[in-house]
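Asks: The sequence shown maps to residues 54 to 415 in the working numbering.
Sending over a structure as structure tokens; questions will come in a sec.
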Amino acid sequence: MSDTLPGTLQEFRVNREDLSRFMQAALAATGADQASADAVTRALVTASRMGTDSHGLRLLPHYLQALKGGRINGAPNMVFNQRLAATGFLDADDGLGHLAGYTAMEHATAMAEVTGIGAVAVGNSSHFGAAGCYALAAAERGYVGMAFCNSDPFVLLHEGAKPFHGTNPIAFAAPVAGESPYLLDMATSSVPWNRVQQFGAIGRELPDQVAADAAGQVSRTPSEVAALLPLGGSGFGFKGAGLGGMVEVLSSMLSGMQHGFKLLPMGGPDMSTPRGVGHFFLVMKPDAFVEAGTFAHGMAEYLADLRAQPAAPNAQVMAPGDREWRCQAQRDAEGIPLDSANQIAYAEIAEQYQITPLSQLV
54 MSDTLPGTLQ
64 EFRVNREDLS
74 RFMQAALAAT
84 GADQASADAV
94 TRALVTASRM
104 GTDSHGLRLL
114 PHYLQALKGG
124 RINGAPNMVF
134 NQRLAATGFL
144 DADDGLGHLA
154 GYTAMEHATA
164 MAEVTGIGAV
174 AVGNSSHFGA
184 AGCYALAAAE
194 RGYVGMAFCN
204 SDPFVLLHEG
214 AKPFHGTNPI
224 AFAAPVAGES
234 PYLLDMATSS
244 VPWNRVQQFG
254 AIGRELPDQV
264 AADAAGQVSR
274 TPSEVAALLP
284 LGGSGFGFKG
294 AGLGGMVEVL
304 SSMLSGMQHG
314 FKLLPMGGPD
324 MSTPRGVGHF
334 FLVMKPDAFV
344 EAGTFAHGMA
354 EYLADLRAQP
364 AAPNAQVMAP
374 GDREWRCQAQ
384 RDAEGIPLDS
394 ANQIAYAEIA
404 EQYQITPLSQ
414 LV
């Protein structure tokens with residue numbers, strides 16, 4: 054799930070405790086209750102520690118704006134209805150998607166402990182950051198976890214000229230005995246929308262075949278981008294478009310929410326009307342399928358064989374998650390970087406809400 058950018062300004066670094074302190078204070082100042090502030094902070098710091106800068110600390114200003122405008126309910130009464138032994142629905146009461154995600158995973162995990170599997174659809178929610186955070190929450194407890202979410206239209210259909218699907222992420226995490234989990238977190242678009250904003254903020258050109266202008270033509274200039282290409286680019290985008298549709302079915306139809314094409318834009322200008330985002334979460338207990346220890350042995354053998362494969366020149370073969378855990382170790386030791394745009398944004402938040410500014414690590 055790493056989105057680390059080579060060349061990003063990193064002269065300003067903070068430790069995760071100070072970053073958490075700042076986020077908690079800012080969220081509380083804009084009406085988030087303790088549970089909501091805890092969940093947002095947990096998700097954003099988790100993403101930033103692992104190098105997913107597009108879905109980490111840079112999202113805080115957006116959530117503060119949505120809370121202040123009334124789009125998001127900072128003190129929701131989320132209600133879970135268990136429908137069958139292994140299924141349920143969580144009404145998120147227009148609260149922060151991070152609290153909805155972690156709450157849904159708790160319910161799914163509890164059902165999986167009893168039945169071997171647990172699935173929860175979530176409705177009336179909002180943007181939840183990095184999908185991998187919720188799959189990871191299951192894997193850290195010894196379960197296999199999956200997370201899906203729809204969003205407003207950013208992504209062209211294959212051979213389409215206008216956005217239809219959202220970036221509609223897929224996240225999958227599995228426990229690995231004695232190691233950090235196996236973790237896949239991917240948008241079904243070629244890149245996340247936040248990546249375009251991030252490149253634009255630091256004045257970088259986009260890679261080829263990831264985004265398009267208002268006419269549906271491929272563009273590498275962030276300021277020209279009106280849509281993203283589905284995974285596979287202009288030549289093989291039917292793959293990403295198909296996966297995006299699968300996520301839509303799980304997130305929208307199983308939750309009873311409107312599909313992403315009809316959602317209000319995440320970026321506004323309407324910051325007062327709830328968006329009704331849908332999520333879907335699945336948790337599986339490995340020992341419910343095979344004898345105890347079989348799954349762990351298989352994972353260890355698979356990853357050992359994968360990492361032992363020959364690599365291209367000046368490259369290294371890695372399993373999903375390896376890059377993130379490497380980045381996490383580095384950032385835990387050296388601090389989490391804020392690029393120039395986020396340094397300005399966090400200084401403005403500190404001034405606006407009279408919060409003690411972040412302290413720069415030396």
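Note that the Cβ used here is the ideal one computed from N, Cα and C, for glycine as well.
To the nearest angstrom, how far is it from the Cα of D385 to the Cα of D375?
Replies: Between D385 and D375, the C-alpha separation is close to 15 angstroms.
Asks: L303 to F181, Cα distance in whole Å?
Replies: Going from the Cα of L303 to the Cα of F181 covers about 16 angstroms.
Asks: List the residues that DSSP assigns as beta-bridge partners of D238.
Replies: Answer is A224.
Asks: Does the beta carbon of A280 fall short of 7 angstroms from some heavy atom of the ligand FMN?
Replies: Ligands in the displayed structure: none, and consequently the ligand FMN is not present.
Asks: Rounded to whole angstroms, what's the CA-CA distance from G288 to C202? Just pull it up for me.
Replies: G288 and C202: Cα-Cα distance of roughly 25 angstroms.
Asks: Give the straight-line distance between the Cα atoms of H332 and P222, rounded to the nearest whole angstrom.
Replies: Cα-Cα distance, rounded: 10 angstroms.
Asks: From what residue to what residue does the alpha helix (DSSP H) around S204 run?
Replies: Looking at the DSSP string, S204 is not in any alpha helix (DSSP H), and its letter there is neither H nor E.
Asks: Which partner residues does D144 have in the DSSP bridge list?
Replies: Bridge partners of D144: V132, G176.
Asks: Does DSSP put I170 in a helix, a strand or coil?
Replies: Residue state, collapsed to three classes: strand.
Asks: Would you kindly check if the distance between the Cβ of K338 and the Cβ of A161 is under 8 angstroms?
Replies: Against a cut-off of 8 angstroms, the Cβ pair of K338 and A161 comes out as no contact.
Asks: Could you check how far apart the C-beta atoms of H218 and G297 are, in whole angstroms? I think they sit under 8 angstroms.
Replies: Yes, they are in contact, since the Cβ atoms of H218 and G297 sit about 4 angstroms apart, within 8 angstroms.
Asks: Would you call the segment 145-152 and the segment 90-103 touching, i.e. three or more CB-CB distances under 8 angstroms?
Replies: The segment 145-152, when compared against the segment 90-103, does touch it at the 8 angstroms Cβ threshold.
Asks: Assess contact between the segment 131-145 and the segment 101-110, defined as three or more Cβ pairs (one per stretch) separated by less than 8 angstroms. Is contact present?
Replies: With a cut-off of 8 angstroms, the segment 101-110 and the segment 131-145 do not count as touching, because too few Cβ pairs lie within range.
Asks: Give, in chain order, every unbroken run of the alpha helix (DSSP H) that is at least 4 residues long and sits entirely within the segment 92-124.
Replies: Here the runs fully enclosed are 113-122.
Asks: Check the DSSP bridge columns for I49 and list the partner residues they point to.
Replies: Lying outside 54 to 415, the shown extent of the chain, residue 49 is not represented and no answer is given.
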